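Here is the structure we will look at.
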Amino acid sequence: MMISRRKFLAFLATSLAASRSHGQGVASRNVPAQPRGKPSGIPFLARFTDITRTAGLRYPTIYGPTDHKDYIIETVGCGCAFLDYDNDGWVDVVVLSGSRVSGAPEGTSNRLYKNNRDGTFTDVTERAGLLRTGWASAVTVGDYNNDGFDDLFITSYGQNTLYRNNGDGTFSDVTKQAGLLDSQVRWGAGCSFVDYNLDGHLDLFVSNYLEFDFAHTRKPGEDSNCQWKSVPVNCGPRGLPFSRHSLYRNNGDGTFTEVSEQAGIARVAPGYGMTVVAADFDNDGWPDVYIACDSTPSLLFRNKHDGTFEEVALLCGAALSQDGMEQAGMGVGIGDVTLNGRLDIFKTHFADDTNILYLNDGQGNFEDHTIQSGLGVETRFVGWGAGIVDLDNDGNPDLFFVTGNVYPEVESKVPAYPFKTPRVIFRNLGGAKFEELLDAGPGISEVHASRGCAFGDFDNDGDVDVLIVNLNEPPSLLRNDLKGNNHWLKLKLVGSRSNRTAIGARVTCSYGKKRQAQEVIAQSSFYSCNDQRLHFGLGNAATANLDIRWPSGTKQSIANVKADQILTVREPTARSKPE
Amino acid sequence: MICRGGCDLFAAHSTFSLPAYNRVQGRSLFLISTLLITLFAQFAGLDQQSNVEAQRLLEQIELGLKQQPSNPRLLAARGLALERLNRDRDALQSFEESLAISPKFLIALEGAADITYRTHDPKTSNYLSRILQQDPQNAAAHGMAGTLAFEEHDCPAANQHFAAAESALSDNPLALAQWGECLLADDEPHLATKRLGQSLRLRPQDKRVSYDLALALHLDQHDEEALEITKTLDADSAVLNLLGSIYASQDKVADAIVAFRKATELDPKNEENYIDLASLCLDHQSFEVAADVVNVGIANIPDSAALYTLRGAIAAQTSNVEQAAADFERANRLKPDASYGDVGLSLLLGQQSQIDEAIAVIRSRLERAPNDAKLNFLLADLLVRKSDDPQQSGQHEAQRLLVKAVGLQPDLANAHAALGKLLLKSGQADLAIKELKVALEKDPNDRVALNQYVLALNRLHRTAEARAAAERLRDLLSEDRRAEVRKNRIRIMRPSAATQ
Numbered sequence: 034m035m036i037s038r039r040k041f042l043a044f045l046a047t048s049l050a051a052s053r054s055h056g057q058g059v060a061s062r063n064v065p066a067q068p069r070g071k072p073s074g075i076p077f078l079a080r081f082t083d084i085t086r087t088a089g090l091r092y093p094t095i096y097g098p099t100d101h102k103d104y105i106i107e108t109v110g111c112g113c114a115f116l117d118y119d120n121d122g123w124v125d126v127v128v129l130s131g132s133r134v135s136g137a138p139e140g141t142s143n144r145l146y147k148n149n150r151d152g153t154f155t156d157v158t159e160r161a162g163l164l165r166t167g168w169a170s171a172v173t174v175g176d177y178n179n180d181g182f183d184d185l186f187i188t189s190y191g192q193n194t195l196y197r198n199n200g201d202g203t204f205s206d207v208t209k210q211a212g213l214l215d216s217q218v219r220w221g222a223g224c225s226f227v228d229y230n231l232d233g234h235l236d237l238f239v240s241n242y243l244e245f246d247f248a249h250t251r252k253p254g255e256d257s258n259c260q261w262k263s264v265p266v267n268c269g270p271r272g273l274p275f276s277r278h279s280l281y282r283n284n285g286d287g288t289f290t291e292v293s294e295q296a297g298i299a300r301v302a303p304g305y306g307m308t309v310v311a312a313d314f315d316n317d318g319w320p321d322v323y324i325a326c327d328s329t330p331s332l333l334f335r336n337k338h339d340g341t342f343e344e345v346a347l348l349c350g351a352a353l354s355q356d357g358m359e360q361a362g363m364g365v366g367i368g369d370v371t372l373n374g375r376l377d378i379f380k381t382h383f384a385d386d387t388n389i390l391y392l393n394d395g396q397g398n399f400e401d402h403t404i405q406s407g408l409g410v411e412t413r414f415v416g417w418g419a420g421i422v423d424l425d426n427d428g429n430p431d432l433f434f435v436t437g438n439v440y441p442e443v444e445s446k447v448p449a450y451p452f453k454t455p456r457v458i459f460r461n462l463g464g465a466k467f468e469e470l471l472d473a474g475p476g477i478s479e480v481h482a483s484r485g486c487a488f489g490d491f492d493n494d495g496d497v498d499v500l501i502v503n504l505n506e507p508p509s510l511l512r513n514d515l516k517g518n519n520h521w522l523k524l525k526l527v528g529s530r531s532n533r534t535a536i537g538a539r540v541t542c543s544y545g546k547k548r549q550a551q552e553v554i555a556q557s558s559f560y561s562c563n564d565q566r567l568h569f570g571l572g573n574a575a576t577a578n579l580d581i582r583w584p585s586g587t588k589q590s591i592a593n594v595k596a597d598q599i600l601t602v603r604e605p606t607a608r609s610k611p612e
Numbered sequence: 145m146i147c148r149g150g151c152d153l154f155a156a157h158s159t160f161s162l163p164a165y166n167r168v169q170g171r172s173l174f175l176i177s178t179l180l181i182t183l184f185a186q187f188a189g190l191d192q193q194s195n196v197e198a199q200r201l202l203e204q205i206e207l208g209l210k211q212q213p214s215n216p217r218l219l220a221a222r223g224l225a226l227e228r229l230n231r232d233r234d235a236l237q238s239f240e241e242s243l244a245i246s247p248k249f250l251i252a253l254e255g256a257a258d259i260t261y262r263t264h265d266p267k268t269s270n271y272l273s274r275i276l277q278q279d280p281q282n283a284a285a286h287g288m289a290g291t292l293a294f295e296e297h298d299c300p301a302a303n304q305h306f307a308a309a310e311s312a313l314s315d316n317p318l319a320l321a322q323w324g325e326c327l328l329a330d331d332e333p334h335l336a337t338k339r340l341g342q343s344l345r346l347r348p349q350d351k352r353v354s355y356d357l358a359l360a361l362h363l364d365q366h367d368e369e370a371l372e373i374t375k376t377l378d379a380d381s382a383v384l385n386l387l388g389s390i391y392a393s394q395d396k397v398a399d400a401i402v403a404f405r406k407a408t409e410l411d412p413k414n415e416e417n418y419i420d421l422a423s424l425c426l427d428h429q430s431f432e433v434a435a436d437v438v439n440v441g442i443a444n445i446p447d448s449a450a451l452y453t454l455r456g457a458i459a460a461q462t463s464n465v466e467q468a469a470a471d472f473e474r475a476n477r478l479k480p481d482a483s484y485g486d487v488g489l490s491l492l493l494g495q496q497s498q499i500d501e502a503i504a505v506i507r508s509r510l511e512r513a514p515n516d517a518k519l520n521f522l523l524a525d526l527l528v529r530k531s532d533d534p535q536q537s538g539q540h541e542a543q544r545l546l547v548k549a550v551g552l553q554p555d556l557a558n559a560h561a562a563l564g565k566l567l568l569k570s571g572q573a574d575l576a577i578k579e580l581k582v583a584l585e586k587d588p589n590d591r592v593a594l595n596q597y598v599l600a601l602n603r604l605h606r607t608a609e610a611r612a613a614a615e616r617l618r619d620l621l622s623e624d625r626r627a628e629v630r631k632n633r634i635r636i637m638r639p640s641a642a643t644q
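Right, dumping it as structure tokens:
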């Protein structure tokens with residue numbers, strides 16, 4: 034009969050060539066890896082050493098059992114943060130944790146570790162009032178009450194929590210008095226502080242992953258949404274109901290009001306939202322919001338300057354792969370990979386798919402540049418936390434991401450998909466070309482089931498270190514042992530008219546013949562928050578010129594800044610004339 | 145093939161009457177003598193039984209011919225009289241004599257066409273095209289030409305002729321059925337439904353047309369109506385196959401499996417039944433069951449290249465690369481002229497990141513079949529996958545191959561989409577939009593094309609159009625997702641496992 038001939042050829046084409054992969058709970062395009070080119074041979078000066086044990090980061094992140102996962106909630110994992118909660122100039126560490134259906138082991142909690150300024154940390158969770166066991170997802174850091182101390186907002190399955198920093202080393206759960214209590218159980222996912230209306234007070238954007246309850250979720254293998262590589266696995270996200278995303282406006286008095294309806298967020302088909310990144314993608318001075326979505330089109334909410342947003346990701350090319358396929362968006366790195374003053378997006382995905390690099394045309398339109406950039410050589414792993422960060426201070430921001438499968442049951446049947454997998458670095462060769470480094474130290478090649486990661490300079494030695502969440506293991510703290518003489522500059526911005534954390538401030542740093550933009554953001558990677566000091570590798574440039582655009586609109590230029598220092602820049606109190 | 149049982153419709157001409165008898169009155173094309181006017185008028189008034197009258201008219205004409213032996217009108221009139229007397233050979237000779245003197249004499253052309261058409265004489269096409277040159281609206285001539293094109297499997301031409309002959313088809317069930325089948329063959333199930341329905345109303349007992357109509361309705365996504373008709377048909381292999389397809393698209397997976405299984409039992413040598421059943425299993429991620437089905441098929445049809453190819457594809461999906469490669473190679477040996485095996489092998493190599501080897505396989509196949517549009521497209525696709533950089537030479541070759549592919553097969557939507565994508569990447573948004581539009585006309589659900597179309601419009605700041613296209617894309621994604629989730633809800637188990 035005529036149907037079958039057509040179907041047969043179509044099947045051949047779609048089953049083997051790049052295409053959607055049907056019959057599994059998660060989107061993957063079954064993309065084969067691109068052939069690897071010849072190595073450039075250029076030395077990479079950064080080496081990463083795992084110093085977790087000596088640093089004292091000893092508590093594991095509990096997330097479901099180790100050998101199987103019956104529910105999707107046991108697989109997703111959580112994030113971490115570098116923050117300076119005590120304003121001593123040394124970034125401290127927050128590591129989130131989940132739980133187990135059968136009950137969490139003793140000591141399971143989100144953790145705050147204070148930086149001892151000597152390469153070690155002290156667990157201060159209990160003293161700080163942050164002991165909490167639950168299914169935590171994401172963390173964002175910002176000074177929502179502009180009192181000079183960074184606060185924490187943590188999303189979870191069940192109820193999100195706003196912790197106010199009391200300025201004395203302790204935090205208070207102010208969720209209820211801030212008006213952030215949910216009337217129902219939700220699965221809070223990505224979250225970011227963002228001053229969307231530029232009133233100087235940090236608002237909150239929260240993505241919700243999906244509607245989940247243990248009682249009504251199918252068991253592994255019950256249908257094809259619960260299969261992967263023909264192995265029964267936990268079900269979802271496909272087949273599970275969406276949940277809406279939320280925007281909470283800061284009223285300036287310590288309380289928030291949900292404005293999702295008024296702002297146009299609730300009207301949008303939500304998708305399975307994960308990491309939230311608030312940044313000014315179209316260079317209009319107003320923060321937009323990008324949400325990496327799992328197995329559904331990612332979302333880009335463009336700020337319309339009147340308290341509302343328009344979702345434009347499909348229109349602007351930031352929703353799908355270039356062949357119109359959904360991808361399993363997990364983590365997001367934001368940065369200026371082409372050194373043209375625009376914020377590009379690097380998003381991580383599932384195994385058998387490439388991660389994606391979207392280049393920004395400066396007006397918030399994006400082009401999928403993945404294959405041209407050389408990123409298509411790596412499709413083996415499930416990618417999570419990611420960053421666009423200059424790891425070797427050569428002036429070209431590199432790509433870093435962590436990996437880990439979600440189905441521990443699979444590797445015994447299909448060895449090509451191990452549960453624990455290594456970290457990945459793509460070094461920036463310039464000209465939007467990247468090269469995967471297959472040897473960048475044991476900290477990179479060690480295998481874990483990693484999820485969130487945060488980038489920051491915990492030892493203030495002028496390079497970017499990495500903090501990584503590993504499921505059912507302690508985190509990894511990778512110290513960057515950078516060699517060579519490349520220069521660097523680190524900026525801590527302090528807002529005055531703008532929000533005090535300066536979230537949304539844009540710095541364009543010119544060094545040598547290069548010009549790189551960075552923005553202070555409150556969440557990226559996977560559910561994580563980086564050291565909010567902006568780090569610029571300067572290559573051999575000994576000085577740099579800075580152009581700062583504060584969220585208030587104030588513009589500030591600083592010329593001939595000496596390299597190799599951590600510079601604190603305070604927002605001028607009087608508005609300068611636009612240049 | 146577009147019809148069951150060896151296409152019986154090809155065996156019979158549909159009947160048309162060219163209007164020779166009716167076209168004289170009121171025409172001033174010819175200088176027809178009063179006698180001829182009378183004669184032709186009389187022919188027009190004759191019924192089938194009036195042989196005596198026809199004989200009388202023939203005698204009068206013969207008398208006239210004695211006086212004017214080279215009068216083309218009299219020769220044509222004699223042809224008409226002879227035809228009426230069932231003396232086709234003499235009649236045709238008389239028409240041909242008339243045409244030898246006056247090659248454009250329409251009555252003679254129509255008479256000759258009528259006889260040659262009835263007698264399956266290959267000269268028919270020539271007469272019909274000469275008629276249509278002079279009288280492009282001649283519905284009967286278009287009807288005949290449509291049937292001839294149908295018989296020659298030239299459905300695009302048949303569809304054109306039948307459309308021009310519509311007014312002459314309303315009481316011609318055979319021609320309507322042919323038209324319907326050709327519309328089906330040209331992927332126009334909606335239009336086919338109308339014509340096949342007309343045909344069936346004229347001949348309600350025609351099972352062949354019933355089957356075609358059910359098929360058209362199924363392809364036009366009217367599965368309930370299709371099912372109703374299909375259930376009235378004798379359950380042979382083809383009907384069961386159709387039934388299985390209908391059930392499958394209604395997500396009645398168990399019923400579909402039963403139907404396909406019965407089809408394989410009734411006709412174990414028909415590879416398509418195994419392919420359909422295995423495809424259904426694959427749609428639901430039941431690779432093992434699909435492999436079981438194909439293995440049974442191979443046992444029954446050991447020389448089926450298609451089944452080996454399908455088994456190779458299943459093996460590739462389950463990461464059994466060696467088995468996949470062996471099956472593709474076996475398929476190649478079994479049917480060297482078909483491209484299944486090579487295509488499968490190249491896709492497998494591509495999947496293993498052996499792009500250069502995959503390219504080599506397709507290049508070698510293309511040397512044997514340089515004008516195979518799909519192979520040109522496949523090679524272009526591999527070259528693009530090798531490097532997405534528009535500045536590289538592979539991209540220029542890919543573009544040339546895609547231009548060739550769409551030239552060879554203008555309805556190859558994938559190739560138009562790929563070409564549009566390349567053009568957009570190289571900054572030629574205007575040209576890209578043109579190609580992408582064609583791709584979307586051919587396949588409105590082509591995501592590559594629609595996504596690239598949105599981006600191209602946006603790049604040219606055609607914002608309103610871009611937004612509208614983005615909404616279409618959003619709807620398409622939602623619909624695809626819903627369909628996939630629906631499909632994934634059902635898992636086909638091996639019989640032994642299902643009972644455990």
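Those protein sequences? They're chains Y and Z, same order as listed. The first sequence begins at 34 in the numbering used here and counts up by one. The second sequence begins at 145 in the numbering used here and counts up by one. We put the CB at the ideal spot given by N, CA and C, even for glycine. From a predicted model like this one, the values you see are computed outputs, not experimental measurements.
Asked	Found
Stretch pair the region 112–129 of chain Y + the region 147–159 of chain Y: three plus CB contacts closer than 8 Å	yes
Within-8 Å CB hit, ALA610 (chain Z) to chain Y	yes
Proximal residues, the region 360–375 of chain Y versus chain Z, C-beta separation under 8 Å	none
8 Å Cβ cutoff met for GLY366 (chain Y) and GLN67 (chain Y)	no
Simplified DSSP assignment, three categories, for ASN593 (chain Y)	strand
Cα-Cα separation between ILE176 (chain Z) and ALA220 (chain Z), rounded to whole angstroms	With a pLDDT of only 36 at ILE176 (chain Z), under the threshold of 50, the placement of this residue in the model should not be trusted; the figure read from the coordinates follows. Rounded to the nearest angstrom, the two C-alpha atoms are 12 Å apart.
Residue burial classification, THR607 (chain Z) (beta-carbon count within 10 angstroms, cutoff 16)	exposed
Bridge partners - TYR168 (chain Y), DSSP secondary structure assignment	A quick correction: the sequence has Trp, not Tyr, at residue 168 (chain Y). Answer by DSSP bridge pairing, in chain order: Y:TYR190.
Exposure of ASN4 (chain Y), with buried meaning 16 or more beta-carbon neighbours within 10 Å	Nothing can be reported for residue 4 (chain Y): it is not among the residues displayed for chain Y, which extend from 34 to 612.
Short-range partners of chain Z found in the region 311–332 of chain Y, where Cβ spacing is below 8 Å	THR329, PRO330
Where PRO216 (chain Z) falls, given that 16 or more other Cβ within 10 Å makes a residue buried	buried
Other residues of its chain near SER483 (chain Z): CB distance less than 8 Å, five sequence neighbours each side excluded	ARG509, ALA513, ASP516, LYS518, LEU519
C-alpha gap between PHE245 (chain Y) and ALA407 (chain Z), whole angstroms	43 Å
Where PHE294 (chain Z) meets chain Y, residues with beta-carbon distance less than 7 Å	Neighbours of PHE294 (chain Z) on chain Y: none; closest Cβ ~16 Å, over 7 Å.
Exposure of PHE154 (chain Y), with buried meaning 16 or more beta-carbon neighbours within 10 Å	buried
Expected contact under 8 Å - CB spacing of VAL553 (chain Y) and LEU571 (chain Y) to nearest Å	No, VAL553 (chain Y) and LEU571 (chain Y) are not in contact; Cβ-Cβ is about 19 Å, not under 8 Å.
Contacts that ARG62 (chain Y) makes with chain Z (C-beta to C-beta distance below 9 Å)	Under the 9 Å cutoff, chain Z gives no residues; its nearest Cβ is about 11 Å from ARG62 (chain Y).
Residues that DSSP places opposite THR173 (chain Y) in a beta bridge	Y:PHE186
ILE187 (chain Y) versus GLY167 (chain Y): straight-line alpha-carbon distance, rounded	11 Å
Contact with chain Z by GLY395 (chain Y), beta-carbon distance below 8 Å	no
Straight-line Cα distance separating PRO270 (chain Y) from ASP327 (chain Y)	8 Å
C-beta neighbour in chain Y for HIS334 (chain Z), strict 8 Å	no
Opposing strand residues paired with THR387 (chain Y) [DSSP bridges]	In DSSP, THR387 (chain Y) forms no bridge with anything.
SER570 (chain Z), DSSP secondary structure in three states	coil
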